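Undergrad: All residue numbers for the sequence shown refer to full-length UniProt numbering, where the first residue is 1 and numbers rise by one. Before I ask anything, let me first share the structure, which is written out below as structure tokens.
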Amino acid sequence: MITRLLRNKDAVRATLELHQQRSKPPMLTNAELEKIEKREALLEPCRYVTELVGGEQYISCSVVLPALCHLLRVMEGCDDDPGYVLRFKAAFAADLSKRKESTNVQWLKMATALDPRFKDLKCLPRSEREAVWKSVKEESAQQPEPHRETEPDPPKKKMNLLLTASDSEEEGDPTSDMTVDRYRSEPSISMEDCPLKWWSEHTAAYPSLAPLAKKYLATPATTVPCERLFSLSGHIVQKKRAALSADNVTRLVCVSNWLKEKK
1 MITRLLRNKD AVRATLELHQ QRSKPPMLTN AELEKIEKRE ALLEPCRYVT ELVGGEQYIS
61 CSVVLPALCH LLRVMEGCDD DPGYVLRFKA AFAADLSKRK ESTNVQWLKM ATALDPRFKD
121 LKCLPRSERE AVWKSVKEES AQQPEPHRET EPDPPKKKMN LLLTASDSEE EGDPTSDMTV
181 DRYRSEPSIS MEDCPLKWWS EHTAAYPSLA PLAKKYLATP ATTVPCERLF SLSGHIVQKK
241 RAALSADNVT RLVCVSNWLK EKK
């Protein structure tokens, strides 16, 4: 809206000047237009994030925390900002932080850690990163191990029984910890790459983490894709086509979506 107004401000001013009625709306002054230009620059990152999470392509919830971190960093005040810009940034950051608190932050942290693009967790404070990886290790240790046919271990010598640790000294599954550490040492992938495709290619290397990745990364960032499908279904199921079966509606929605992706 602001971009269109600034682009057409001369035409808007000329149109308003043609009307001589007393009730005509006043045109914005040059000072007010300058303030609007400042706000347009501030809102540009918001436009990018909105188009990203609400676009045609599937976007996982793992991008939510990096996107919020980016917006909060953009809205940090600086010494050169005028007063109205500082007030705008403060109000925007306060509202964004309030919205962030109402989300399932722990779920978003796990999804971000399991996304090969953001697994460095730079969107989180350093003090919170190790806690996230601890949660990943604990949940991966609970995953059932894949069935493997192994030979029975040779009988241990009785002297080795003295090396058995007590319950208080055991520290979970070391294999799971090593798997998570090995995943953390992997290089991050490009932003254009698909994290789900990466996990499908590395399932054998990380059998305990792959199910977690499917669990968390399958959650979409927004409900826009679902709402888009509901709108498409509304165009298909109409008064004259109310007798369509559920299976036929599903087939028609899938065909429409596939044709759109092909174009």
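For glycine and all other residues, C-beta sits at the position ideal for the given N, C-alpha and C. Just so we're clear, the structure is a prediction, and the values are computed from it rather than from any experiment.
(1) Helix, strand or coil for S60? Go by DSSP, reduced to three states.
(2) In chain order, what residues of the same chain have a beta carbon less than 7 Å from the beta carbon of A165, not counting five sequence neighbours either side?
(3) Nearest-angstrom Cα distance between R39 and E201?
(4) Looking at the secondary structure, which residues open and close the alpha helix (DSSP H) in which residue 329 lies?
(5) State the DSSP-derived secondary structure class of P220, mapped to helix, strand or coil.
(6) By how many angstroms is the C-alpha of D79 removed from the C-alpha of A108?
(7) In or out: W199 buried (at least 16 other Cβ within 10 Å) or exposed?
(8) Grouping DSSP H, G and I as helix and E and B as strand, with all else coil, what is L229?
(9) Buried or exposed, going by whether 16 or more other CB atoms sit within 10 Å of the CB of T29?
(10) Rounding to the nearest angstrom, what Cα-Cα distance links S97 and L124 in this structure?
(11) When you compare each of V63, K260 and L229 to V249 by their alpha carbons, which one comes out closest?
(12) Taking the continuous alpha helix (DSSP H) assigned at S208, which residues delimit it?
(13) For C226, which residues from the same chain have a beta carbon less than 8 Å from its beta carbon, with the 5 sequence-adjacent residues on both sides left out?
(14) Would S185 and Q143 qualify as a contact pair, given that the criterion is a beta-carbon distance under 8 Å?
(15) Which two residues bound the contiguous alpha helix (DSSP H) that contains C46?
(16) Jot down the residue ranges of each uninterrupted alpha helix (DSSP H) in the segment 73-133, minimum 4 residues, whole runs only, in chain order.
(17) When burial is assigned at 16 or more other CB atoms within 10 Å of the CB, is D167 buried or exposed?
(18) Under three-state DSSP, which class holds S256?
(19) Please work out which residues of its chain come closer than 8 Å, Cβ to Cβ, to N257, disregarding the five sequence neighbours upstream and downstream, and give them in chain order.
(20) Taking 7 Å as the limit between beta carbons, can you name the residues of its chain near L196, skipping five residues before and five after?
(21) Going by beta carbon distance, what residues of the same chain come within less than 6 Å of R129, once the five residues before and after it are set aside?
(22) Are there 16 or more other CB atoms within 10 angstroms of the CB of M1, so buried, or fewer, so exposed?
(23) Can you find the residues in the same chain that come closer than 6 Å, C-beta to C-beta, to V63, ignoring five residues on each side of it along the sequence?
(24) Taking R241 as part of the alpha helix (DSSP H), name the residues at either end of that continuous run.
(25) Does the beta-carbon of S245 have 16 or more other beta-carbons within 10 angstroms, so that it is buried, or is it exposed?
(26) Name the two residues that bound the continuous alpha helix (DSSP H) containing P195.
(27) Closer than 8 Å is the cut-off here; do at least three beta carbon pairs connect the segment 31-38 with the segment 6-14?
TA: Considering the structure as presented:
(1) Position 60 of the sequence shown holds residue 60. Correct three-state label for S60: strand.
(2) As a position in the sequence shown, residue 165 is number 165, starting the count at 1. With a pLDDT of only 45 at A165, under 50, the local geometry of the prediction cannot be trusted, and no value is derived from it.
(3) The residue labelled residue 39 in the question sits at position 39 within the sequence shown. The residue labelled residue 201 in the question sits at position 201 within the sequence shown. Cα to Cα, R39 sits roughly 44 Å from E201.
(4) Summary: the structure shown does not reach residue 329, with the chain confined to residues 1 through 263, and so no result is reported for it.
(5) What you label residue 220 is simply residue 220 of the sequence shown in a count that begins at 1. In the structure shown, P220 sits in a strand (DSSP, three-state: E or B).
(6) Mapped onto the sequence shown, residue 108 falls at position 108. Mapped onto the sequence shown, residue 79 falls at position 79. Before going further, note that residue 108 is Leu rather than Ala in the sequence given. Answer to the nearest angstrom: the Cα atoms are 33 Å apart.
(7) On the sequence shown, residue 199 is found 199 positions in, with the first residue counted as 1. Looking at its Cβ environment, which holds 16 or more other Cβ atoms inside 10 Å, W199 is buried.
(8) Indexing the sequence shown from 1 puts residue 229 at position 229. Note: L229 maps to helix in three-state DSSP.
(9) In the sequence shown, counting from the first residue as 1, residue 29 sits at position 29. Looking at its Cβ environment, which holds fewer than 16 other Cβ atoms inside 10 Å, T29 is exposed.
(10) Within the sequence shown, numbered from 1, the residue matching residue 97 stands at position 97. Within the sequence shown, numbered from 1, the residue matching residue 124 stands at position 124. If I take the Cα positions, the gap works out to 14 Å.
(11) Your numbering for residue 249 matches position 249 in the sequence shown. It is L229 whose Cα lies nearest to the Cα of V249.
(12) Counting from one through the sequence shown, the residue named residue 208 turns up at place 208. Segment: none, S208 is in no alpha helix (DSSP H) and carries neither H nor E.
(13) Indexing the sequence shown from 1 puts residue 226 at position 226. The answer, listed in chain order, is P220.
(14) Position 185 of the sequence shown, counted from the first residue, corresponds to residue 185. Position 143 of the sequence shown, counted from the first residue, corresponds to residue 143. No, they are not a contact pair.
(15) Against the sequence shown, residue 46 aligns to sequence position 46. Segment N30 to V53, the alpha helix (DSSP H) holding C46.
(16) 83-101 and 105-113
(17) Within the sequence shown, residue 167 is the residue found at index 167, counting from 1. Per-residue confidence for D167 stands at a pLDDT of 46, beneath the threshold of 50, marking its modelled position as unreliable; the derived number appears in the next sentence. The residue is exposed, with fewer than 16 neighbouring Cβ atoms inside 10 Å.
(18) Within the sequence shown, residue 256 is the residue found at index 256, counting from 1. In the structure shown, S256 sits in a helix (DSSP, three-state: H, G or I).
(19) Sequence index remark: in the sequence shown, residue 257 carries index 257 (1-based). L229 and L232.
(20) Locating residue 196 in the sequence shown gives position 196, where the first residue counts as 1. Contacts found: L217.
(21) Here residue 129 refers to the residue found at position 129 of the sequence shown. Only L121 meet the Cβ criterion.
(22) Working through the sequence shown from its first residue, we reach residue 1 at position 1. Looking at its Cβ environment, which holds fewer than 16 other Cβ atoms inside 10 Å, M1 is exposed.
(23) Locating residue 63 in the sequence shown gives position 63, where the first residue counts as 1. Once the five neighbours on either side are set aside, the close Cβ partners of V63 are A221.
(24) Against the sequence shown, residue 241 aligns to sequence position 241. No alpha helix (DSSP H) contains R241, which DSSP labels as neither H nor E.
(25) Here residue 245 is taken as the residue at index 245 of the sequence shown, counted from 1. Label assigned to S245: exposed.
(26) In the sequence shown, counting from the first residue as 1, residue 195 sits at position 195. Unbroken alpha helix (DSSP H) run through P195: P195 to E201.
(27) yes
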